[in-house]
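Q: First the structure, then my questions, so here it is.
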Amino acid sequence: MTKEELKDKVLNLSQGMLTYSDSGVFDLMFEVKPENLTKAAVLLRDHEELRFDFMNNITGVDTGEHFEVVYSLASLSNKTRLDFKVVLPYEGAKLESLCEVWKAANWHEREIWELYGIDFTGHPNLTRFLLPDDWDQGHPMRKDWDAPDFVRMPEL
Amino acid sequence: MGLIDHIRNLLKGLGIAGKHLGRHAITIQYPEERMEMPERSRGIVVLLSDKETGELNCTACELCMRACPTAAIKIVTHRDENKKKHLDVFEVDNGLCCFCGLCEEACNFSALKMATKYEFSTLGADELVWDVNKLQEVGRDVDYVDTRKKKKPKPEPKADAKPTAPKPEKTDAKPKPEQPATVSEPVNPAGSSTEEKVNEEPLPEEQERKEEKKEGGPTDGSV
Amino acid sequence: MAELRTEEFQVNMGPHHPSTHGVCRLVLTMDGEKVVAVEPVIGYLHRAIEKICENRTYPQCSPMMDRFEYVTAMSSDYVYALAVEKLAQLEVPERAEYLRVIMLELNRIASHLIFWGVTAMDIGAYTPFLYGLREREDIIDLFEMTCGQRLTYNYIRIGGVSRDIPKEFEPKCRAFIKKLRGKFSDYEGLLNENPIWLARTKGIGVLTPETAISYGASGPVLRASGIDYDLRRDDPYSIYDKFDFAIPTQKTGDCYDRFIQRLDEMKESLKIIEQALDGLPEGEIKAKVKPKFKPPEGEVYSRIESARGEMGAYVRSDGTTKPVRVKLRGSSYNHLALVPEICTDVLIADLVAIFATLDIIMPEVDR
Amino acid sequence: MSCTVIAFGELHGIFAWLHELPVSIGLPDSVQAVVMYAALGVTVFSVLSLFALFLVWWERKIAAHIQQRFGPMRVGWHGWYQTVMDALKLLQKEDIRIETRDKVVFFWAPVVCFVAAFLAYVVMPFGKGLIVADLNIGILYIMAVTTFTVIALLMAGWGSNNKYALLGGMRSAAQVVSYEIPMVVSLLTIIIYVGSLSMVDIVESQSGWFFNWFIFRVPFGPIAFVTYIIAAIAEANRTPFDIPEAEQELVAGYNIEYSGMKFAMFFLAEFVNMFTVSAIAATVFLGGWNGPFLPSWVWFMGKTLTVVLLLMLVRWTYPRLRVDQLMEFAWKFLVPVTFANLILAGVLKYLGYWE
């Protein structure tokens, strides 16, 4: 399956849930509205012709304007790959958890919750694990967070 | 597998261990014997001196400082009346150095090299900061290939060196002494030396950064 | 006699425990010798590499990658370089790609040798650890000869490799391949058939294919469960499609299979290295990369098959010299998430065996 | 002093002299025996302590050379007094005592372990005449006192008030008690042919060339020897049966909370135990001090150290068994095999194989 075919197929099957985004340089990148997330994920995983059964990675991104959560998926049987992302505002960033769809999402979501402060509703165990247990200094991966003694590198 | 097989396999393992018992050790006794380091081995950063005059090759272009990912190199320069740059301070904090070799590759003047030496343990972290004299002294006996053009220290890319040199003049629009070399460490590695340095000038940096933020991300090459 | 009252108790395994491969804490709920539940606690090795990278230029990030996964630092160098090359659509010279493949495969062997030794040590046999390190030493000598470092190579850069191999590399590498082939009989004789070893690993920690896929297990762990999936063949990067090599798989997915799987993979890697050495072309080793390297705006997720499984790097650029976001995906992260799933109702000794054969390396988990 | 002709290099003169010492210096009868045994005890104890230190060094060297490294090389020729220095270092170390320990038990555990390890040497025949007391129940006595170790380990596990230590202590109790049975039964196979429990009798009935050793002479001797060695490794808590201290599982098991000299006592006791089981193997199966040309104690030491070498090779080669497999191996394999062996040997003896 070439990339174009896959793109058409995903766009047709998703009926507007997934829209194409051109920010993905190499692999296909789609965009999903937060409310459609679980539906889109189940479709991608379970549809006969897609079968994205393998969750590679979830990345939280702070672009400086809003949050993005990028899901990277792969299909072991079809040997295809795609990414899709969800754009979230800073205020009250909240997303459905995909732990039920891919169990691999569990820890990745925990990490994003911890480092970005994005809430995942329905996550079974949203507790601290990467930062110290008594951490109370916010979410370190946000762009507006700096370590107390943080000094920026000299510009080139 | 039957019992006999099990016993045979157990004895086979014993035989392999016994076979090695008779062999000679492959390790070496370190302070007495030393490994011969390969010529490319990346050890301590040293400053190289001219083979004839014995003076430093460094032209104070600050390329290495800019290449360094951990800000282990600190350079302070000034310009004389002929607009020629002179080196005031050249310090390498070996405690911060991550031995990546980027400074060596950035240098176009054969001024700096990661020598094959590797022994520099000290009793305190502050003794790991080496100044220009120490760096030069350690680098005296280091052999190197001089790729400079004589008499004309104009930046010329090395044969296979990666970066084409940016113009050193351009980088120094701002005079350096007013903005002493920034020694920065993004996330505190809990070293006392880092904290001291950070305390030197937290405020201007902080403000600068905040300004950048408002403009929407750091601008590139603003100096 | 009255019924004896028993209760479960909790044991902290780690952060400093001989068999947690770095600093990982496992909170075990135990019923006597039996482990009822495991909860991994991570973060003891968190170095904030991703945050640091946001404050570095693209070339400056490359030394950080060595620290991401220091057992196969070549792979972590490469996955980042690959992501940035995809972003900037850089053409990498062919010789550089060959050199990369040689180094990646040598590093894979080095990692598997450590795995072989460490697993044996975790199950109680000390000597194999030293034998594994002995052969790894030769590989490291090859690396040092080429790039100057023994652990944090910083060799694979954006656009190519940092230096060409020296003249004596090829004969030494071929000699090493020959030597290692000869050592396999020792390796197999020491453990593969040993009845104690079989008793300790056969049927322990069985990972079903469905669980493996769902938890995102990859690499040797996935293949030991019987799924024939290898990124080198199924999503070819670099020039792996030019080489002829087999992808070994096992059937049951227990500790023994995961152990044998890696021994088999070493042999295949040797084949790839030989082919790469035979076909090594002349030419440039690095594409031109400006010091103020600015990839165009965009985002990319690159993935490669490292020694432990799928290693990924998500890099996002906004067109400036510094990345907006670098996310590193280590396979150990997903494998550690598997531990609570497959480590229920096992003995504490089995837990150690499972942990060892999943080949979890903590720097990759904590980043 | 004794008037018999002594072979060159024999040491039993020393023991004879010590036996007669209280009499010759004219002590009253009531304290003669006490002084004599005290003198003998001190002699044997000091020699054995040094020997245990030597064994530690030797084990490190053997392990190192199997693994193609050097091992200790710094103090003396090939580091020969490294362990002496280690012991001195451990003596100077702070004795860390955790607050929550069981004070009495925690204190006495290493003492019991250390003493129990040395008690066996009362009846050990180091050479011709080199024996502290030739008890007529010698081997039974050894079996009895070596089991003291398990009490010490259990005490250490309990007194440390540490979960790892407790697990180690429990494992050790289960293991040592289980392996006691095959060990004793293996020895019984030989003893029914000797007809005496005295160590000296056992050795003397093997006099002559090596085909008189019980391992070759007694029917099923080799099997008894192998089962004895297996059980002995378990008794000495060494890999592949070192689950009480299994480093990768329980970190250090029962001695996790011990430091300084208390740890050293456990450590030395472990090596003394290893020497004990090897010495019993040498005495019962390999002919003890019997051997031509060389002095008897040299033969004894040579045979014992050979067995020790075997134990060391085993330790550095094999992986560790799991705790349930260990018990299964003892009860489902070793115990039936040794009992069958014993019964067959007994039947053969009854049928007149042995005259």
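Chains as they are written, first to last, in the working numbering: chain A, 42 to 197; chain B, 24 to 246; chain C, -3 to 363; chain D, 51 to 405. Note that the Cβ used here is the ideal one computed from N, Cα and C, for glycine as well.
Please list the partners that C:L24 has in chain A, where partner means a Cβ-to-Cβ separation under 7 angstroms.
A: Walking along the third sequence from the start, residue 24 of chain C turns up at place 28. By Cβ distance, chain A contributes nothing, its closest Cβ being about 16 angstroms from C:L24, past 7 angstroms.
Q: Taking contact to mean at least 3 C-beta pairs separated by less than 8 angstroms, is the segment 244 to 256 of chain D in contact with the segment 337 to 351 of chain D?
A: Touching, per the Cβ criterion.
Q: A:M96 touches chain C at which residues, Cβ-Cβ below 7 angstroms?
A: Within the first sequence, numbered from 1, the residue matching residue 96 of chain A stands at position 55. Those are G212, listed as they occur along chain C.
Q: Measuring only the C-alpha atoms, how far is C:G308 from C:G215?
A: Residue mapping note: residue 308 of chain C aligns to position 312 of the third sequence, counting from 1. Residue mapping note: residue 215 of chain C aligns to position 219 of the third sequence, counting from 1. The straight-line gap from Cα to Cα measures roughly 12 angstroms.
Q: Of the residues that make up the segment 352 to 385 of chain D, which ones have a beta carbon closer than 8 angstroms to any beta carbon in chain B?
A: Within the segment 352 to 385 of chain D, the qualifying residues are L363, V364, W366, T367, Y368.
Q: Evaluate A:H107 with the Cβ neighbour count: other Cβ atoms within 10 Å of its Cβ, from every protein chain shown; 16 or more gives buried, anything less gives exposed.
A: Position 66 of the first sequence, counted from the start, is the residue given in the question as residue 107 of chain A. Exposed, because fewer than 16 other Cβ atoms sit within 10 Å of the Cβ of A:H107.
Q: With distance defined between alpha-carbon atoms, name the residue in C:R363, C:T16, C:E46, C:A349 nearest to C:I200.
A: In the third sequence, counting from the first residue as 1, residue 200 of chain C sits at position 204. Cα-wise, what sits closest to C:I200 is C:A349.
Q: Take the Cβ of B:K108 as the centre, count every other Cβ of all protein chains shown within 10 Å, and call the residue buried at 16 or more, exposed below.
A: As a working note, residue 108 of chain B is residue 85 in the second sequence. Burial call: buried.
Q: Does the segment 66 to 82 of chain A touch the segment 293 to 302 of chain C, meaning 3 or more C-beta pairs lie closer than 8 angstroms?
A: Segments in contact, yes.
Q: Is it buried or exposed for D:T354, if we count other Cβ within 10 angstroms and need 16 for buried?
A: Translated into positions along the fourth sequence, residue 354 of chain D becomes position 304. By the neighbour-count rule (16 or more Cβ atoms within 10 Å), D:T354 is buried.
Q: With a threshold of 6 angstroms on Cβ separation, who are the neighbours of D:L68 within its own chain once the five nearest residues in sequence on each side are excluded?
A: For the purposes of this step, residue 68 of chain D is identified with residue 18 of the fourth sequence, where counting begins at 1. Within the same chain, D:L68 has close Cβ partners A89, L90.
Q: DSSP has D:N305 in a bridge; who is on the other side?
A: Here residue 305 of chain D refers to the residue found at position 255 when the fourth sequence is read from its first residue. None; D:N305 has no bridge partner.
Q: Buried or exposed for D:M174, going by 16 or more other Cβ atoms inside 10 Å?
A: As a working mapping, residue 174 of chain D is identified with position 124 in the fourth sequence. Result: buried.
Q: Which residues does DSSP list as the beta-bridge partners of C:G308?
A: Counted from its first residue, the third sequence places residue 308 of chain C at position 312. Beta-bridge pairing links C:G308 to C:R299, C:R325.
Q: Could you say which of B:K140, B:C84, B:A94 lies nearest to C:Q56 if we only look at CA atoms?
A: The count along the third sequence starts at 1 and reaches residue 56 of chain C at position 60. Considering only alpha carbons, the answer is B:A94.
Q: Interface residues of chain G around B:T139 at Cβ under 9 angstroms?
A: Absent from the structure is chain G; the protein chains it does hold are A, B, C and D.
Q: To the nearest angstrom, how far is it from the Cα of D:V81 to the Cα of D:W108?
A: Within the fourth sequence, numbered from 1, the residue matching residue 81 of chain D stands at position 31. Within the fourth sequence, numbered from 1, the residue matching residue 108 of chain D stands at position 58. Rounded to whole angstroms, D:V81 to D:W108 spans 40 angstroms at the Cα level.
Q: Please confirm whether D:K213 has its beta-carbon closer than 7 angstroms to some beta-carbon of chain C.
A: The residue labelled residue 213 of chain D in the question sits at position 163 within the fourth sequence. At least one chain C Cβ lies under 7 angstroms of D:K213.
Q: I need the straight-line Cα distance from C:A242 to C:S327, nearest angstrom please.
A: In the third sequence, the residue the question calls residue 242 of chain C occupies position 246. In the third sequence, the residue the question calls residue 327 of chain C occupies position 331. Cα to Cα, C:A242 sits roughly 22 angstroms from C:S327.
Q: Should A:D124 go down as buried or exposed, given a rule of 16 or more other Cβ atoms within 10 Å for buried?
A: Taking the first sequence and counting its residues from 1, one reaches residue 124 of chain A at position 83. A:D124 is buried by the Cβ-count criterion.
Q: Closest by CA to B:F122, which one among C:Y149, C:A121, C:G113, C:I154?
A: Counting from one through the second sequence, the residue named residue 122 of chain B turns up at place 99. Checking every option, the nearest Cα to that of B:F122 belongs to C:Y149.
Q: Please report the Cβ distance between A:A82 and C:S210, rounded to the nearest whole angstrom; I am assuming they are in contact, meaning their Cβ atoms lie under 8 angstroms.
A: By one-based count along the first sequence, residue 82 of chain A stands at place 41. By one-based count along the third sequence, residue 210 of chain C stands at place 214. Rounded, the Cβ-Cβ distance is 13 angstroms, inconsistent with contact.
Q: So that I know if they touch, is there some Cβ in chain A lying closer than 7 angstroms to that of C:L83?
A: For the purposes of this step, residue 83 of chain C is identified with residue 87 of the third sequence, where counting begins at 1. True, the Cβ-Cβ gap to chain A drops below 7 angstroms.
Q: Taking CB distances under 7 angstroms as the criterion, tell me whether A:S64 reaches chain C.
A: The residue you call residue 64 of chain A lines up with position 23 of the first sequence. For A:S64, the answer is yes, since a Cβ of chain C falls inside 7 angstroms of its Cβ.
Q: State yes or no: is the C-beta of D:T388 within less than 7 angstroms of the C-beta of D:P290?
A: Sequence index remark: in the fourth sequence, residue 388 of chain D carries index 338 (1-based). Sequence index remark: in the fourth sequence, residue 290 of chain D carries index 240 (1-based). Against a cut-off of 7 angstroms, the Cβ pair of D:P290 and D:T388 comes out as no contact.
Q: Using a Cβ-Cβ distance under 7 angstroms, would C:N190 count as near chain A?
A: What you label residue 190 of chain C is simply residue 194 of the third sequence in a count that begins at 1. Answer no: the Cβ-Cβ gap between C:N190 and chain A never drops below 7 angstroms.
Q: Please determine if the segment 343 to 350 of chain D and the segment 165 to 185 of chain D are in contact, where contact requires at least 3 C-beta pairs separated by less than 8 angstroms.
A: Output reads yes: the segment 165 to 185 of chain D touches the segment 343 to 350 of chain D.
Q: Does chain C have any CB closer than 7 angstroms to the CB of B:G36?
A: Counted from its first residue, the second sequence places residue 36 of chain B at position 13. At least one chain C Cβ lies under 7 angstroms of B:G36.
Q: Compute the Euclidean distance between the alpha carbons of B:T139 and C:E140, then round it to the nearest angstrom.
A: Position 116 of the second sequence holds residue 139 of chain B. Position 144 of the third sequence holds residue 140 of chain C. About 11 angstroms.
Q: Measure the C-alpha to C-alpha separation of C:T123 and C:V320 and round it to an integer number of angstroms.
A: Position 127 of the third sequence, counted from the start, is the residue given in the question as residue 123 of chain C. Position 324 of the third sequence, counted from the start, is the residue given in the question as residue 320 of chain C. Roughly 47 angstroms between the two C-alpha positions.
Q: List the residues of chain D that C:R196 touches, going by C-beta distances under 8 angstroms, in chain order.
A: The residue you call residue 196 of chain C lines up with position 200 of the third sequence. By Cβ distance, chain D contributes P369, R370, L371, R372, Q375.
Q: Alpha carbon to alpha carbon, how far is A:K114 from A:N97?
A: Position 73 of the first sequence holds residue 114 of chain A. Position 56 of the first sequence holds residue 97 of chain A. Note on identity: in this sequence residue 114 of chain A is Leu, with Lys being the wrong assignment. Their Cα atoms are separated by approximately 5 angstroms.
Q: For the segment 116 to 130 of chain D, which residues have a CB atom closer than 8 angstroms to at least one CB atom of chain B, in sequence order?
A: Within the segment 116 to 130 of chain D, the residues whose Cβ lies closer than 8 angstroms to some Cβ of chain B are I116, Q117, Q118, R119, F120, M123, listed in chain order.
Q: Taking its Cβ as the centre, do 16 or more other Cβ atoms sit within 10 Å of A:M58, making it buried, or is it exposed?
A: On the first sequence, residue 58 of chain A is found 17 positions in, with the first residue counted as 1. Buried is the call here.
Q: Chain A beta carbons: is any one of them nearer than 7 angstroms to that of C:I357?
A: The residue given as residue 357 of chain C occupies position 361 in the third sequence. No, because no Cβ of chain A sits closer than 7 angstroms to the Cβ of C:I357.
Q: For B:L39, would you say it is in contact with chain C, using Cβ-to-Cβ distances shorter than 7 angstroms as the test?
A: As a first step, residue 39 of chain B is located in the second sequence; it is residue number 16 there, counting from the start. As written in the sequence, residue 39 of chain B is Ile, which differs from the Leu given in the question. For B:I39, the answer is yes, since a Cβ of chain C falls inside 7 angstroms of its Cβ.
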